[in-house]
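Add 1 to a position in the sequence shown, counting from 1, and you land on the number used in the working numbering. By construction, the Cβ of each residue, glycine as well, lies at the ideal position given by its N, Cα and C atoms. Okay, so here's the structure we're looking at.
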Amino acid sequence: MIYPCRADIIPFVRNLIQGLQPYAEANDVYVSFDTSVVKAAKTTREVLEFVAGNKNAIGLVGINWIGNPEVPEQVEMLKKLKISYLECIVCQDTPYVKPMQQSILTRRYPLVRGLYYVNKENYVGLGTGFANFLKNERGQLIFKRAYLGPIMDLDVRSVKI
2 MIYPCRADII PFVRNLIQGL QPYAEANDVY VSFDTSVVKA AKTTREVLEF
52 VAGNKNAIGL VGINWIGNPE VPEQVEMLKK LKISYLECIV CQDTPYVKPM
102 QQSILTRRYP LVRGLYYVNK ENYVGLGTGF ANFLKNERGQ LIFKRAYLGP
152 IMDLDVRSVK I
């Protein structure tokens with residue numbers, strides 16, 4: 002969380018999110034940054050509540066904490082927050098994109114990360130079975146239901162019989 006948000010913090014955060022070293026763009030000198038404005042929370046719920054209660058705060062959370070319109074808590078929390086659109090480099094129709102499942106799946110939303118499963122078994126057992134479950138249709142439905150990006154296309158189409 003960042004509070005209070007000041008104009009000099011925005012380039013720092015942008016570079017930090019993009020995996021770049023924070024620096025002043027004009028002269029490539031590292032910026033001295035006031036770390037008293039950056040705070041850590043123990044839970045995602047604390048981040049959401051802090052940002053909702055502080056007008057000039059910025060928080061980063063996963064889309065699965067704010068993207069489900071079927072969960073009343075998330076709908077109520079969205080009424081208290083402003084969701085930031087991010088610049089879309091690959092978009093032809095709009096310069097900015099909202100964080101939602103569709104923009105993640107179409108690779109328009111820039112802040113995505115992969116999920117890696119490391120299996121250290123020396124034999125085919127429970128870990129291998131779990132990895133296979135995550136890759137099949139039922140396992141991928143868990144990712145879709147959590148408003149994350151499944152690797153499998155799970156759209157249902159209507160067919161006349």
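When the distance is taken between beta carbons, is residue j closer than 8 Å to residue i?
i, j, result
"cysteine 92", "arginine 109", "yes"
"glutamine 102", "glycine 140", "no"
"valine 39", "valine 48", "no"
"leucine 82", "valine 52", "yes"
"proline 100", "isoleucine 64", "yes"
First and last residue of the alpha helix (DSSP H) that includes residue i?
i, result
"alanine 41", "Note, alanine 41: premise wrong, no alpha helix (DSSP H); not H, not E."
"methionine 78", "73 to 81"
"glycine 128", "127 to 136"
"leucine 116", "Note, leucine 116: premise wrong, no alpha helix (DSSP H); not H, not E."
"isoleucine 152", "Neither: isoleucine 152 is in no alpha helix (DSSP H) and is coded neither H nor E."
Which class does residue i belong to by DSSP, given the choice of helix, strand or coil?
i, result
"valine 52", "helix"
"valine 88", "A small correction: the amino acid at residue 88 is glutamate; valine does not occupy that position in the sequence shown. Glutamate 88 falls in the strand class under three-state DSSP."
"isoleucine 162", "coil"
"isoleucine 64", "helix"
"isoleucine 59", "strand"
Compare the Cα-Cα distances from residue i to each of the options and report the closest residue.
i, options, result
"isoleucine 59", "Val72, Pro70 and Thr45", "Thr45"
"phenylalanine 144", "Gly128, Lys161, Leu116 and Glu122", "Leu116"
"glycine 150", "Leu112, Ile90 and Ser85", "Leu112"
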